[in-house]
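A.B. asks:
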């Protein structure tokens, strides 16, 4: 039973669905040494069931794998499991049904899949930004369980960087061009012959997400529904030869143009909804602003605050809109498994989850 | 004496200033097997003068170097030289004076340096686009010689792609985000530790050029001056881990929004000022439009038409402006030495140069 | 009917089996503008049959594709075809049967697959090195047709570099460590997540080939069989983040240690079996020796002589064996499609093939 | 005053010479959060003296820099400093004099520079391997202070992997080919244009070090001098496009060939001189053996045990020598700053240093 004091006698058992994929591996890596959560079940597709995890990933685990995790036997992605908290990194081709089946069996599913992101009763959660959206859980219709969705990897960093600006100055429109890391395409993902010494100016179905998800994330909750934020977003998404970290170039127009100093102050002073709350994966600062015009850069800042911070820099005036700037976030940590685990930490802390 | 028929008895001797640098090396590579031009003088800074070219570049020549070029002795960058046509790849710290000294000694200087690009009597020349600007040469004040400037490497591709659109539909504004290859930074240029597995969201003084040069390039000539095109450009420039080829993501707003088909037709049918003229480095088509939404890509299209073509693709509607698309051009060929050599070819063909 | 004078009235029609794969694409690229050969049939697996080539490769063609090739309809890999000369880039899982079926239907099959490389009656052909091995064709048992095998991509460059040394000084043993380009793994091949900012010190079944194939290639023909060269080879193979070009570090022990000058002279003066013969893909020099100790390098020399030359350099004494040096060759041109096409050119020139 | 119990009341103050360079930055990064050492002085060349550290590195610090370090003022590299322990990452052009001046002023200098590595009275220290060599400090002639050298970045990993093999089976000879990361060349180091999509088969003065340093490191101490190990090493060194981590392919011949199992057991059971000693940067296991033939790989294992472990794998028989295997170590941590800090930790623990 959770206590506000977090004097857990035992860690909280959790399971990962889709544990062998790229985001699944990042869940495993982050959960294998988590102070609150005990990774007790790894589930994957039928062809992996019964294998040891290390055999199922076949030497292609992207991290150093503790021996006890390597030896875990893969389970089937079928409810019920003994864990209440279920992290889902399922492929979108099956996530709709499987996640619903877990929610209907009473589990709390926190998912990085896109399937429920647009559902009107599912929060698209970034704990620092829109924890009030958890109110949607009251109206979810699953029997006993719940589903919480986390945003697209490129939308998370953008939404966090926009939040304090939208609150203070009102965003009217923005153009964003992304340079997204290869790890965002999963495994095996992009063949090396396609991306080495190259850029691909296209990512399937990505621009659509980046143009729509921030509106829901930054929306206000009224009674039991989200009123999307009113702003126009135009996105251009590129795949670049970088291992981790999505960099985004933004040109932004406000309802009322702030001064450069006001803008920087908005980022620097931003605390968000987690102010005063202690959570293991919570970044010290959600947003780091860099005065150096050469920043942020994927290799230098992606691991800031253990990959959970958003870095912003190179702020200057835009000859067409108001300002231009660059932002960076780690796509498989902040924008993937880490962001989902932070959601679970908040749910536990707030008493939404019992186990 | 040149003949319209180009039944040259002999090739035309040419010189390269700044021959040991990155763009200089590309000049040497392209001129070492040019059908019209005979590369007879390589000039560089004082510390290289008197050395054989291969010793001056010290094994760091980026191409296969013919033996006769490798053995050429480096000259000083001082006029007069026996060649009339002088290609300048000088560093901007010295180009103002040196290029003027050559022009005042009667030489025709074609330069990739930025120094004279904004001078009101110097054409910023892209042969297919604005050959009418050569009229400015009539009012240049150098004694006997002339200076022709070529645009910044990222501005050339953009200006070519914009030309048929501006002529037909009128461009009001555009946002452009570039992903620029490392060869654009010269040699030694970017340290590998800075760019491997990384992106740098900043290029010194680049956005300013990209926001202003197209206005002069696309401007109309009235009497003896250029009336800059009226459009607003906002640029964000990034350095990416790609060897050659600048990729640019454009969002564009027209005075009168064309249909998608009209836009594609404008690119596909574009011939430009060189229609019907045969020049060695002239691309078969200045603009190649790709229907495949994954194109253009640096490694796949940068060498199209021997690096002289501009590739355009991934055209789709923009939720804020009218359309979004991606464009690509080879930064050291089309956007550097190749573009400058094409200028010289045009000058020879049109009878501007005697030798 | 071929003529020694090569005053072909028409080009010779050729087909490519496995045309959609990585080596197959290179065949298509090199044959699409070949002066002797006319690429008339592209064959591939059943799921591609009937599609246009451009649709079958689905935008993943690694080169610029002429429109007439893009529009070719894919045929089935079943004999007979109307072409006599068949280039095979088939996967080894099916090459044994399919290639035999074509040879038994009277075709001349030139294959980059490994399947027939060790067959005692199949020449492992490098035209400059062991054209005498074509005598094996006399004893092949296929009905009407023949099979010629080309060596593994890393064995070809090594065998060429060793040939003049073995002839003059007798090689006793050599250790070779390879750094092999990603294009050697085919398409989709290596996932970018596995090789970016990384090296994989293992290539399936590669060291075995590199330790054995040169013995057959450098072997003497006696009556109707090859007597393998007597030398010991130990290989260590690595996959590196380079697009094209295999670099190999060799430490070599001779029966009689030559001087450094003798060794260099052996490479520099090497002409091989093609001396005096004109073939379209024949390199000007099979071996280029570089005095500069930083050479050869993949990006600088892989395209030498249109990718058909082997580059050798950084020669120095070995504290254990006699000498150490580095060698480089283009793995999909010299070590793949280009090498196979050169075989066909030789067969045509020597009158082995009628069409 | 140090205590065996390490109940330090205060941390031990340390200084870094050459703090702005590549290895210097790694020292700063590792020392900025070290449990025993307090980084109190950063010294660098005269042109940096008086600047804040963050200004001296000018935005090119390769890591996340704590604010208190960023604000430190750069000192001059002149003795005396108030710290006893001095880490030197000085350039070899000045290290001989400057390090001696500090040793003569009573400081304990631990250096990654090559200058004193071959001095007969200077230990070439790897704490796990040859801590007995510290006896040489008794015969050093500096007034009051001492110099300890750490080996070349590619020699450290090799020597650690060889140690248990040489002790048990006696190494007769080995050939090693390295693939070395760009961070090993310092900053600015290798221009990106030279190494992207490329390999350079040459590293200045590196093969010589790799062929000689292990002999001293693995040598026995007799009275006051080192008797070098008797084995022959032949090295071939390559620079590859990898950020961190040197991979080495070894072919090895023993005095008495062990079985594969004996060899693996020798690595797996190796504890070294630090068994039972607790030091902050000591790896849990100095050597990790991987059964998976695709291992070790730079990106997957370089950070094992916080970058201080050596990884070994892909063991198989050699047709010429006895065995072949691959090894990996982090060049700027284990092979640079981390290795040097571990030396200092040992000196403190053993009571060699007072402060």
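Protein chains in written order, with the numbering used here: chain Z, 867 to 1221; chain U, 867 to 1221; chain F, 867 to 1221; chain P, 867 to 1221. Just so it is clear, CB atoms sit at the ideal spot from N, CA and C, and this is done for glycine as well.
1. For residue 922 of chain U, which residues of its own chain have a beta-carbon under 7 angstroms away from its beta-carbon, when the five flanking residues on both sides are left out?
2. Using the Cα positions of residue 1068 of chain U and residue 1109 of chain F, report the straight-line distance between them to the nearest angstrom.
3. Just to confirm, is the Cβ distance from residue 1013 of chain F to residue 1053 of chain F under 8 angstroms?
4. According to the Cβ coordinates, are residue 1099 of chain U and residue 1185 of chain Z closer than 8 angstroms?
5. Compute the Euclidean distance between the alpha carbons of residue 951 of chain Z and residue 978 of chain Z, then round it to the nearest angstrom.
6. Among all the DSSP beta bridges, which residues are the ones paired with residue 1154 of chain U?
7. Name, going along the chain, the residues of the stretch 1183-1195 of chain Z whose beta-carbon falls closer than 8 angstroms to a beta-carbon of chain A.
8. Determine, using beta-carbon pairs with one atom in the stretch 1148-1165 of chain U and one in the stretch 1073-1087 of chain Z, whether at least three such pairs fall under 8 angstroms.
9. Is DSSP giving residue 1059 of chain F helix, strand or coil here?
10. Per DSSP, which residues does residue 904 of chain Z bridge with? Please list them.
11. Below 8 angstroms between beta carbons: does that hold for residue 1084 of chain Z and residue 1000 of chain Z?
12. Between the alpha carbons of residue 1050 of chain F and residue 1019 of chain F, how many angstroms are there, rounded?
13. Rounding to the nearest angstrom, what Cα-Cα distance links residue 899 of chain Z and residue 1175 of chain Z in this structure?
14. In three-state terms, what does DSSP make of residue 923 of chain Z?
15. Looking at residue 1111 of chain U and residue 1047 of chain U, is the spacing between their C-beta atoms short of 8 angstroms?
16. Here's the rule: buried if 16 or more other CB atoms are within 10 angstroms of the residue's CB, otherwise exposed. What is residue 890 of chain Z?
17. How many angstroms separate the CA atom of residue 1043 of chain U from the CA atom of residue 1062 of chain Z?
18. For residue 1117 of chain F, return the contacting residues in chain P, with the cut-off set at a CB-CB distance below 8 angstroms.
19. Could you work out which residues of chain Z lie near residue 930 of chain P, taking near to mean beta carbons separated by less than 7 angstroms?
20. Whole angstroms is fine: what's the gap from residue 1155 of chain F's alpha carbon to residue 1015 of chain F's?
21. Going by DSSP, name the residue or residues bridged to residue 954 of chain F.
22. Please tell me whether residue 839 of chain U and residue 1136 of chain U are closer than 8 angstroms, where the distance is taken between their beta carbons.
23. Helix, strand or coil: which one does DSSP assign to residue 929 of chain Z?
24. Find out if the Cβ-Cβ distance for the pair residue 883 of chain P, residue 953 of chain P is shorter than 8 angstroms.
25. Just curious, the beta strand (DSSP E) that residue 1234 of chain Z is in, first and last residue?
26. Anything in the stretch 1056-1068 of chain Z with a Cβ closer than 8 angstroms to a Cβ of chain F? List those residues in chain order, please.
27. I believe residue 965 of chain U touches residue 956 of chain U by the beta-carbon criterion, under 8 angstroms. Please report the beta-carbon distance rounded to the nearest angstrom.
28. Considering residue 1209 of chain Z, what are the terminal residues of the alpha helix (DSSP H) in which it resides?
29. Helix, strand or coil for residue 1144 of chain F? Go by DSSP, reduced to three states.
30. Around the C-beta of residue 933 of chain F, are 16 or more other C-beta atoms found within 10 angstroms, so that it is buried, or is it exposed?
31. Can you check which of these residues, U/1129, U/1095, U/1146, is closest to residue 1178 of chain U by C-alpha distance?
32. Grouping DSSP H, G and I as helix and E and B as strand, with all else coil, what is residue 943 of chain Z?
33. Output, in chain order, the set of chain F residues within a Cβ distance shorter than 9 angstroms of residue 984 of chain Z.
34. Just to check my reading of the structure: residue 1093 of chain F and residue 1086 of chain F have Cβ atoms closer than 8 angstroms, yes? What is that Cβ distance to the nearest angstrom?
35. Using alpha carbons as the reference points, say which of P/992, P/1024, P/1045, P/1106 lies closest to residue 1059 of chain P.
36. Compare the C-alpha of residue 904 of chain Z against each of Z/892, Z/924, Z/879 and name the closest.
C.D. replies: Checking against the coordinates, here is how it stands:
1. 886, 910, 914, 940
2. 27 angstroms
3. no
4. yes
5. 14 angstroms
6. U/1177
7. Going by chain labels, chain A is absent from the structure shown, which instead holds the protein chains Z, U, F and P.
8. no
9. helix
10. Z/879
11. no
12. 7 angstroms
13. 19 angstroms
14. coil
15. yes
16. buried
17. 21 angstroms
18. 1041, 1100, 1102
19. 1170
20. 28 angstroms
21. F/883, F/977
22. Only positions 867 to 1221 of chain U appear in the structure, and residue 839 of chain U is not among them; the question remains open.
23. coil
24. yes
25. Since the displayed chain Z opens at 867 and closes at 1221, residue 1234 of chain Z lies outside it and no answer follows.
26. 1056, 1057, 1058, 1059, 1060, 1061, 1062, 1063
27. 7 angstroms
28. 1204-1215
29. coil
30. exposed
31. U/1129
32. coil
33. In chain order: nothing, as chain F lies at least about 29 angstroms away.
34. 5 angstroms
35. P/1106
36. Z/879
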